[in-house]
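Below: the structure, in structure tokens.
Protein chains: 2
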Amino acid sequence: MDGESLTYQLLRLVHAMDDATDAAIQDVLTELNLTHPLADALWQLDPAAPAPSMRQMAVRLRCDPSTVTFLADRLHQLSYVTRTAATGDRRTKVLELTDQGREARRRLVEAATTRTPLARLTAAEQRRLHTLMTRAMAPSATEEEKRYG
Amino acid sequence: MDGESLTYQLLRLVHAMDDATDAAIQDVLTELNLTHPLADALWQLDPAAPAPSMRQMAVRLRCDPSTVTFLADRLHQLSYVTRTAATGDRRTKVLELTDQGREARRRLVEAATTRTPLARLTAAEQRRLHTLMTRAMAPSATEEEKRYG
DNA sequence: ACATATACTTGGAGTCGTCAAGCATCGGAA
DNA sequence: TTCCGATGCTTGACGACTCCAAGTATATGT
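Going down the list, the sequences are from chains A and B.
Position 142, counted from 1, in the first sequence is what full-length UniProt numbering calls 142; the numbers after and before it change by one each time, with no gaps.
Position 142, counted from 1, in the second sequence is what full-length UniProt numbering calls 142; the numbers after and before it change by one each time, with no gaps.
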């Protein structure tokens, strides 16, 4: 319907994919007492990676530090994370998953990966997609990438 | 860092793409006095397609009808849309772009398509990506697709 | 005509998000 | 050591978005 460019069509597809995945896991979010912003935050907390500071979370979520305070409060109320002062710098607080938090995140990731429309592609197709998306997102990204340690 | 599946990695990439594109057009949104939800709504209003009713917008945006009322109010305040009663059914109201609305949408789409990381791919790569994404999003989508007329 | 359904709006409440200001801590210079 | 400017987080105020429940207007079928 729209005589627009290929890039435009791709943008629509990517957005629709994100949207469809979100919609597909709505029931799990409800079970886990999570909203989308909270689920995004939980998603960032990879149990296999070092626990991030509040500030690092703010960078990853592209939001104000005070928003991280808010989200961390909520996740703490749900017993999904703990906030502990970093060793060596008592200003910095580190977000760590609790056992419940790890389990909640596992369920979240499982639901998302099994229900997303992406799951309908074959492994070979997924690999091709991965290659293309990685190339698009590759370094020299937006140059506004001062690393944050 | 995460021993997760390929699908998981793809989800991260797709989400990051959507996020990066949003971030890249922030200044344009500010110029146009748009927030993200408002920009999403404006994005849906393709000038080349028939003007949608409020309800159709609610379906497209996956939100409550009252939210569309709210968004349409804002877009109207900005002189981007008009709300006119549909011929034949005076309950139904149709959202139409004004000239300013068309221009705002044009700027929005232009900024998004030129600045998204997707724009770094060659035309051939974009076509491959389009094929894969289209196949993933293809019909039998989520079956919850009763059409809405 | 009348009941029922549909399209939209209104009011109330809760979540999310930012900014400005404040507190605690750190690090370097005097 | 002591002081001062940065840094990390929190708080408070406010606005934007979103849903739900209830209300109004119009349409449809009996």
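By construction, the Cβ of each residue, glycine as well, lies at the ideal position given by its N, Cα and C atoms.
Here Ala24(A) is buried. Its C-beta has 16 or more other C-beta atoms within 10 Å.
Annotation for Met17(B): Thr116, Pro117 and Leu118 place their beta carbon closer than 8 Å to its own, counting only its chain and skipping 5 residues before and after.
Unbroken alpha helix (DSSP H) stretches of 4 residues or longer found wholly inside the stretch 45-132 of chain B: 54-61, 65-77 and 99-115, given in chain order. Of all residues in the stretch 91-117 of chain B, the ones placed with a Cβ closer than 9 Å to any Cβ belonging to chain A are Val109, Ala112, Thr113, Thr114, Arg115, Thr116 and Pro117, in chain order. Cβ-Cβ separation between Arg83(B) and Leu95(B): approximately 6 Å, consistent with a contact (criterion under 8 Å). The beta-carbon distance between Leu6(B) and Arg127(A), rounded to whole angstroms, is 7 Å. This is short enough to meet the 8 Å contact definition. In summary, the residues of the stretch 14-29 of chain A whose CB is separated from some CB of chain B by less than 9 Å are Val14, His15, Ala16, Met17, Asp18, Asp19, Ala20, Thr21, Asp22, Ala23 and Ala24, in the order they occur in the chain.
In this structure, the beta-carbon distance from Ala41(A) to Met57(A) falls below 8 Å. When DSSP states are grouped into helix, strand and coil, Ala136(A) belongs to the helix group. Taking C-beta separations shorter than 6 Å and ignoring five residues to either side along the sequence, the partners of Leu75(A) in its chain run Val81, following chain order. Glu31(A): member of the alpha helix (DSSP H) spanning Gln26 to Glu31, first to last residue. Listed along chain A, no residue sits closer than 8 Å to Ser53(B) by beta-carbon distance, the nearest being about 16 Å off.
Scanning its chain for C-beta atoms nearer than 7 Å, with the 5 sequence neighbours on each side dropped, one finds around Pro37(B) the residues Leu71, in chain order. Distance from the CA atom of Leu45(B) to the CA atom of Pro65(A), rounded to whole angstroms, is 34 Å. Pairing Leu78(A) with Ala136(B), the inter-Cα distance amounts to about 35 Å. In the three-state DSSP reduction, Leu38(B) falls in the helix class (H, G or I).
Within chain B, the C-beta atoms nearer than 7 Å to that of Arg120(A) come from Ala136, in chain order.
Glu125(A) and Thr131(A) have their C-alpha atoms spaced approximately 10 Å apart.
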